[in-house]
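Working notes for the structure below.
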Amino acid sequence: MSSSHILKKDHLIPLLRKLGKAYRLVAPMQNRHGDTLFAEVASVETMALDLDHQPQESLKPFLFPQQEVIAAYEADQAGYALHPRYAAPPPTLYFGVRSCDLAAILYMDVIFSQRTREPHYLGRRHNTVLVGLNCNAPFPNCFCDATKNGPFSELGADLQLTDLGDRFLVTAGRAQGETIVSRWPQFFSAAEEAEIKKQYQLYLEARGGFQRQVHVDLAIRRLAEGMVDEAVWQQLSLRCQDCAGCAYVCPTCTCFTIVDQPRSATSGERLRCWDACTFAGFTRMAGGHNPVEPKKAAIKHRFLHKLKYDVEKHGRPSCVGCGRCLDICFGGTDIARFVELASEE
Ligand code: SF4
Ligand code: SF4
């Protein structure tokens with residue numbers, strides 16, 4: 030059962046100061062180039078907190094780094110030994126996480142828990158507190174309403190904030206959120222009925238504020254019925270430049286590869302690095318042979334994975350509608366473009 034509280038905006042920095050002493054604090058901040066990115070807060074006093082723009086990346090790089098050492102290896106005359114590397118992560122509080130990114134974390138939880146439980150991601154995840162922020166005004170390329178992940182959601186958040194103007198309505202949906210409220214009660218007061226009604230009004234306004242209509246359900250249906258013409262994939266593949274920007278910014282793309290990096294003649298490190306199905310070498314085999322037509326198969330796999338395979342496997346698409354691939358793809362080969370082409374009769 031969730032409980033609702035009020036946090037006045039005057040109390041936000043003092044609360045973050047306290048939280049910063051209890052946790053490693055990560056929040057969306059504007060860097061010196063004007064980009065908004067999640068980053069570790071070095072000082073609450075000087076942080077350039079930015080809750081007005083969508084962070085260009087999700088929390089994926091924090092929970093599933095682009096490159097990480099998972100083992101060290103050494104060889105001698107007796108053979109080859111592999112030593113797993115694992116560093117216990119510090120308790121980390123992520124502040125200002127949007128609904129789409131919360132949904133993406135729940136998706137990654139499933140991916141890294143199935144078959145074998147993956148210790149690196151899950152270790153970080155278990156030491157994580159999530160403070161979400163509902164979107165009163167969807168960003169220009171967002172379509173989380175079409176994937177049923179936003180613009181308001183409490184799923185996955187320990188505390189969820191809604192901006193009511195001079196205050197936040199704070200919903201504590203999980204035990205860790207309740208612990209924060211009870212540990213620092215001086216910053217919170219009970220929410221009144223009018224404030225809860227105002228949140229609902231803001232939710233209705235946000236639902237009406239999407240600038241993009243992306244018919245995800247229709248594309249899912251047409252894929253399931255095998256009604257998407259091969260010409261669609263052909264058209265998209267002609268414009269894809271294999272840069273993998275879409276997969277790198279996507280909060281639910283979790284492909285990786287393993288490489289061994291020698292550090293000396295007899296030792297080295299085993300790294301796990303992000304990979305992407307849109308890279309030309311993704312399906313290339315040793316010797317250079319590629320069993321599929323790389324470009325067309327790559328873009329097809331990307332969208333089938335998100336809108337067909339994951340729907341069959343998990344009952345919902347793994348696109349959360351964050352819009353980041355629309356922002357980054359210079360070829361106009363983003364998922365909204367695919368949905369548009371797939372939806373045409
Ligand atoms: S779809 Fe766009 S962002 Fe993705 S690899 Fe192709 S060109 Fe790059
Ligand atoms: S496919 Fe595009 S819109 Fe969907 S979750 Fe990934 S980056 Fe966001």
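The opening position of the sequence shown corresponds to residue 30 in this note's numbering, with each subsequent residue numbered one higher.
Glycine included, each C-beta is placed from N, C-alpha and C at the ideal position.
Rounded straight-line distance, which links the Cα of residue j to that of residue i
i      : j      : result
Pro346 : Ala260 : 23 Å
Lys324 : Lys335 : 17 Å
Val278 : Ser87  : 7 Å
Ser33  : Gln242 : 32 Å
Ala132 : Pro167 : 16 Å
Ala68  : Ala56  : 6 Å
Pro214 : Ala51  : 15 Å
Glu74  : Asn60  : 15 Å
Gln228 : Gly238 : 15 Å
Cys354 : Leu193 : 30 Å
Leu111 : Thr295 : 12 Å
Glu409 : Glu224 : A query on residue 409 cannot be resolved here, the shown segment of the chain reaching from 30 to 374 and no further.
Phe285 : Ala309 : 15 Å
Gly352 : Gln230 : 24 Å
Pro90  : Phe124 : 15 Å
Gln264 : Leu44  : 51 Å
Ile249 : Arg331 : 13 Å
Met58  : Phe141 : 28 Å
Arg313 : Ala305 : 12 Å
Ala219 : Ile364 : 42 Å
Thr176 : Asp271 : 26 Å
Asp289 : Ala104 : 13 Å
Tyr136 : His318 : 33 Å
Thr65  : Ile287 : 30 Å
Arg203 : Glu183 : 10 Å
Leu78  : Ala315 : 47 Å
Ala327 : Thr307 : 5 Å
Tyr115 : Glu207 : 30 Å
Arg46  : Val257 : 53 Å
Gln83  : Leu41  : 19 Å
Met76  : Val139 : 33 Å
Ser72  : Pro94  : 23 Å
Val70  : Gln96  : 22 Å
Thr191 : Lys226 : 12 Å
Glu221 : Thr362 : 47 Å
Presumed contact (8 Å Cβ cut-off) between residue i and residue j, rounded CB distance
i      : j      : result
Phe216 : Leu36  : 6 Å
Gly161 : Gln189 : 4 Å
Arg236 : Asp174 : 6 Å
Leu92  : Arg146 : Not confirmed; about 15 Å, so no contact.
Leu122 : Leu233 : Not really, about 30 Å apart at Cβ, beyond 8 Å.
Leu333 : Leu267 : The pair is not a contact, with the Cβ atoms about 18 Å apart (cut-off 8 Å).
Gly185 : Leu159 : 6 Å
Pro15  : Asp81  : Residue 15 is absent from the model: the chain starts at 30 and stops at 374.
Gly274 : Ile357 : 4 Å
Pro119 : Arg212 : Going by Cβ atoms, the distance from Pro119 to Arg212 rounds to 18 Å, so no, they are not a contact pair.
His149 : Ile99  : 6 Å
Ala276 : Cys269 : Incorrect: roughly 11 Å between the Cβ atoms, too far for contact.
Gly350 : Phe172 : 4 Å
Lys342 : Asp195 : Not really, about 45 Å apart at Cβ, beyond 8 Å.
Lys329 : Trp262 : 5 Å
Gln240 : Pro169 : 5 Å
Residue i Cβ short of 7 Å to ligand 2 heavy atom set
i      : result
Thr281 : yes
Arg292 : no
Val278 : yes
Gly152 : no
Lys37  : no
Gly350 : yes
Cys284 : no
Lys50  : no
Cys354 : yes
Tyr364 : Looking at the sequence shown, residue 364 is not Tyr but Ile. Yes, ligand 2 has a heavy atom inside 7 Å of this Cβ.
Lys335 : yes
Closer than 8 Å to chain D by CB, residue i
i     : result
Leu44 : No chain D is present in this structure, which holds just one protein chain.
Self-check item: Closer than 6 Å to ligand 1: residues, by C-beta to nearest heavy atom, in chain order
Solution: Cys269, Gln270, Asp271, Cys272, Ala273, Gly274, Cys275, Thr307, Ile357, Cys358, Gly360 and Thr362
Quiz prompt | Three-pair Cβ contact test at 8 Å for the segment 351 to 371 versus the segment 193 to 207 | solution = no
Quiz item: Three or more beta-carbon pairs under 8 Å between the segment 341 to 356 and the segment 230 to 247, yes or no?
Solution: yes
Quiz item: Does the segment 297 to 309 come within contact of the segment 99 to 118, defined as at least 3 CB pairs closer than 8 Å?
Solution: yes
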